[in-house]
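Comments concern the structure below.
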Amino acid sequence: MKKEFKVIADLLPNNTRVLDIGCGDGSLMTFLRKEKNIEVRGLELDKDNVQTCIHKGLPVIQGNAETELHQFPDQSFDYVVLSQTLQAFYDPEKVLRDLLRIGKSVVVSIPNFGYWKVRTKLLFFGEMPVTKTLPNTWYNTPNLHMCTIKDLFNFCDEKNIEIKKVIGVNENNTSFIKKNNLEIKNLFSKLGIFLIG
Amino acid sequence: MPSLAGLFFWMNSKIENIKKFDVSKPLKLDCGKTINNFPLAYETYGKLNENRDNAVLVFHALTGDQFVTGKNPITNKEGWWVTAVGPNKSIDTNKYFVICANVIGGCMGSLGPKSTNPDTNKPYGLDFPVITIRDIVRAQESLLEHLGIKKLLCVTGGSMGGMQVLQFCATFPEKTFSAIPIACSSSHSAQNIALNELARQAIMADPIWDNGKYFLKNVQPKNGLAVARMVGHISYLSEKGMQEKFGRKLQEKADYEFSFNADFQVESYLRHQGYAFVERFDANSILYITRAMDYFDLSKQFKGGLVEAFKNQKTKYLIISFSSDWLYTTKENKDIVIALNASGADVSYSEIITDKGHDSFLLNEPEFLKTLKSFIDSMHEKFKNEKRI
Chain V
1 MKKEFKVIAD
11 LLPNNTRVLD
21 IGCGDGSLMT
31 FLRKEKNIEV
41 RGLELDKDNV
51 QTCIHKGLPV
61 IQGNAETELH
71 QFPDQSFDYV
81 VLSQTLQAFY
91 DPEKVLRDLL
101 RIGKSVVVSI
111 PNFGYWKVRT
121 KLLFFGEMPV
131 TKTLPNTWYN
141 TPNLHMCTIK
151 DLFNFCDEKN
161 IEIKKVIGVN
171 ENNTSFIKKN
181 NLEIKNLFSK
191 LGIFLIG
Chain F
1 MPSLAGLFFW
11 MNSKIENIKK
21 FDVSKPLKLD
31 CGKTINNFPL
41 AYETYGKLNE
51 NRDNAVLVFH
61 ALTGDQFVTG
71 KNPITNKEGW
81 WVTAVGPNKS
91 IDTNKYFVIC
101 ANVIGGCMGS
111 LGPKSTNPDT
121 NKPYGLDFPV
131 ITIRDIVRAQ
141 ESLLEHLGIK
151 KLLCVTGGSM
161 GGMQVLQFCA
171 TFPEKTFSAI
181 PIACSSSHSA
191 QNIALNELAR
201 QAIMADPIWD
211 NGKYFLKNVQ
221 PKNGLAVARM
231 VGHISYLSEK
241 GMQEKFGRKL
251 QEKADYEFSF
261 NADFQVESYL
271 RHQGYAFVER
281 FDANSILYIT
291 RAMDYFDLSK
301 QFKGGLVEAF
311 KNQKTKYLII
321 SFSSDWLYTT
331 KENKDIVIAL
341 NASGADVSYS
351 EIITDKGHDS
361 FLLNEPEFLK
371 TLKSFIDSMH
381 EKFKNEKRI
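Residue numbers (my numbering), protein chains in the order written: chain V, 1 to 197; chain F, 1 to 389.
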């Protein structure tokens with residue numbers, strides 16, 4: 001399992017109810033269920049991924065998080081997980097509000113546009129960055145609203161969303177991000193994982 | 001060649017030889033009347049294994065019967081769900097024990113309007129009590145004890161079969177491990193009631209119908225029944241599917257005949273489907289079963305609505321809808337998913353993209369058949385483990 005999922009799994013206590021938005025092929029759900037006895041549910045857009053999840057015996061609903069989160073009742077999950085897709089929604093704020101309505105807490109991860117390699121690509125080469133975490137080019141990227149760890153940090157502050165934990169991930173290293181190390185972590189983290197709500 | 005009605009009555013005599021179970025337990029119907037000692041015709045495929053963890057109960061749709069797969073011994077045609085059920089199919093009869101019963105109110109051996117009324121020694125006709133989906137499901141539940149099954153691996157069915165799945169799960173939540181309602185609804189919509197009414201009015205407008213007493217003269221209101229079936233067939237296809245299949249193609253002719261014969265292929269298709277149906281189905285049964293569908297509103301049975309129907313259930317659900325189905329739309333199927341989510345149930349949902357309309361669940365739709373197989377197989381693994389613990 002990839003490092004990001006391990007970090008996310010560590011944030012989730014055993015025996016809770018978790019909704020995984022954009023659950024993909026269900027690898028995070030499988031881990032959570034097996035290792036932490038978590039009651040998992042998934043929402044996934046891609047029909048092949050839905051098929052894979054069903055094959056693995058994972059409960060998954062085929063649907064679009066942008067338009068179909070209304071089907072989940074208020075506070076019906078302990079945690080809602082959204083991995084690296086917030087930036088791909090037309091209206092990330094609305095989606096985030098919905099996640100906070102459905103879950104008592106929310107785990108959101110974002111590819112960090114403030115990562116130094118991304119910055120250098122734009123600064124020295126004058127090209128839109130293509131990296132491991134941002135593999136698409138400008139014309140075919142699904143990412144409509146790229147942001148940095150600092151951006152999401154400030155966003156939560158502005159919108160009065162409580163930040164419980166922020167973890168920066170760079171290769172195999174993780175570190176907690178607080179206000180006092182935000183600038184430096186924003187430069188050296190590939191991914192930001194936020195526990196909010 | 002014997003007349004169509006003659007063929008129908010000849011088939012009736014064959015029905016005497018099919019598998020039946022006498023339900024001795026009295027069944028109080030929703031209408032208030034009670035039926036007892038009544039026959040329930042059924043068929044099984046595959047073998048119940050030693051652990052009794054491989055039983056799948058299939059519910060048939062409006063015009064279906066217990067002959068799910070293989071050759072239907074009465075009509076000599078293929079079973080209605082031969083695409084999904086059978087050896088090495090999605091619901092693999094090498095692995096699973098598949099059970100299907102003819103619904104009460106039907107005409108393939110179970111108690112129905114053409115059964116003999118013990119009070120008069122004549123067929124019931126319209127003296128048969130009006131039944132509901134819940135009555136239909138309750139009648140079938142007694143079959144489980146008869147077959148020695150405490151808990152089913154899965155209940156499944158499409159269309160009216162899907163409604164029975166939902167009803168079964170709401171009424172007997174402990175009796176199945178998983179459930180797959182396909183292309184159905186938790187309450188019959190106005191449009192669907194209207195279409196059923198059209199079918200009923202077609203039958204009742206046929207003078208042969210004679211207030212349901214046609215059987216006294218050994219005849220069938222075949223014109224009315226055929227029209228009723230044509231209505232159904234239109235609703236089972238999609239606009240696009242119909243256009244692609246028939247378009248404006250003419251039936252074995254180069255130009256219009258300037259008559260009211262079946263000039264167009266689509267007309268010919270409807271007439272064929274309509275009149276072929278008369279050979280195997282009883283007109284009064286259509287009245288009773290469509291009524292049962294119209295009365296179906298699961299939310300009405302529970303204070304607090306549909307969410308309450310599924311509360312505190314362990315049953316694992318897979319809901320499947322078809323994108324071009326306008327009879328039981330994706331939206332109606334999603335409403336079931338929403339209710340299941342709200343009640344905290346374990347639910348999966350998949351929409352199959354197809355042009356083939358409501359009929360899709362009976363057809364060779366690879367995506368659908370694959371989903372069905374994936375789910376049942378994974379449920380079997382889980383159920384085995386649960387039983388072991």
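From the three backbone atoms N, C-alpha and C, an ideal C-beta is built for every residue, glycine too. Since the model is a prediction, treat every value here as computed from it, not as a measurement.
Within chain F, the residues that residue i reaches when beta carbons sit closer than 7 Å
i, result
"V/V108", "What V/V108 touches in chain F: nothing, since even the nearest Cβ is about 21 Å away."
"V/V50", "S350"
Exposure label - residue i; buried when at least 16 CB within 10 Å
i, result
"V/L122", "exposed"
"V/D157", "exposed"
"F/L298", "buried"
"F/P207", "exposed"
"F/T34", "exposed"
"F/Y317", "buried"
"F/R138", "buried"
"F/M1", "Residue placement at F/M1 is poorly supported in this model, since its pLDDT is 44, which falls under 50; the coordinates still yield a value, given next. The residue is exposed, with fewer than 16 neighbouring Cβ atoms inside 10 Å."
"F/H358", "buried"
"V/G126", "exposed"
"V/E4", "buried"
"F/C184", "buried"
"V/Q75", "exposed"
"F/Y464", "The shown model of chain F, from 1 to 389, leaves out residue 464 of chain F, and the question about it has no answer."
"F/M160", "buried"
"V/F124", "exposed"
"F/N54", "buried"
"F/F260", "exposed"
Within-8 Å CB hit, residue i to chain V
i, result
"F/I338", "yes"
"F/L153", "no"
"F/F97", "no"
"F/I344", "The question names Ile, but residue 344 of chain F in the sequence shown is Gly. Chain V, which has a Cβ nearer than 8 Å to the Cβ of F/G344, makes this yes."
"F/V347", "yes"
"F/M1", "For F/M1, the predicted model reports a pLDDT of 44, less than 50, meaning its position is unreliable; a value from the coordinates is still stated below. Cβ-Cβ to chain V under 8 Å: no for F/M1."
"F/K370", "yes"
"F/S235", "no"
"F/M379", "yes"
Per DSSP, the bridge partner or partners of residue i
i, result
"F/F38", "F/V23"
"F/A55", "F/F97"
"F/K28", "F/T34"
"F/Y45", "F/V98"
"F/C154", "F/V56, F/S178"
"V/I21", "V/L43, V/L82"
"V/F194", "V/V108, V/V166"
"V/T174", "V/V169"
"F/T116", "F/P123"
"F/Y236", "Per DSSP, none; premise fails for F/Y236."
"F/G86", "F/D92"
"F/F322", "F/I352"
"F/F264", "F/L250"
Interface flag, residue i vs chain F, CB-CB below 8 Å
i, result
"V/G168", "no"
"V/G57", "yes"
"V/F223", "Shown here, chain V extends from 1 to 197; a query on residue 223 of chain V therefore has no answer."
"V/S27", "no"
"V/G13", "Note on identity: in this sequence residue 13 of chain V is Pro, with Gly being the wrong assignment. Chain F, which has no Cβ nearer than 8 Å to the Cβ of V/P13, makes this no."
"V/Q71", "yes"
Amino acids of chain V, ordered along the chain, whose beta-carbon sits closer than 8 Å to that of residue i
i, result
"F/L318", "I54"
"F/S374", "Q51, I54, H55"
Chain F residues whose Cβ lies nearer than 8 Å to that of residue i
i, result
"V/Q84", "The premise fails here: V/Q84 is roughly 23 Å from chain F at the closest Cβ pair, so nothing lies under 8 Å."
"V/I61", "V337, N341, V347, S348, Y349"
"V/F155", "Simply none; closest approach about 28 Å."
Under 9 Å by beta carbon: chain F residues contacting residue i
i, result
"V/S76", "N341, A342, G344"
Proximal residues of chain V, C-beta to C-beta of residue i below 7 Å
i, result
"F/K382", "G57"
Unbroken stretches of the beta strand (DSSP E), 3 residues or longer, contained in the stretch 44-84 of chain V:
The stretch 44-84 of chain V contains these whole beta strand (DSSP E) runs: 60-62, 77-83.
Unbroken stretches of the alpha helix (DSSP H), 4 residues or longer, contained in the stretch 80-157 of chain V
Assignment of alpha helix (DSSP H) within the stretch 80-157 of chain V, counting only whole runs of 4 or more residues, yields 92-102, 116-120 in chain order.
Quick one: which unbroken alpha helix (DSSP H) runs of 4-plus residues sit fully inside the stretch 271-320 of chain F? Chain order, please.
Counting whole runs of 4 or more residues, the stretch 271-320 of chain F contains the alpha helix (DSSP H) stretches 283-295, 306-309.
Starting from the N-terminal side, write out each stretch of the alpha helix (DSSP H) that is 4 residues or longer and does not extend beyond the stretch 197-256 of chain F.
For the stretch 197-256 of chain F, whole alpha helix (DSSP H) runs of length 4 or above, ordered along the chain, are 222-236, 239-245.
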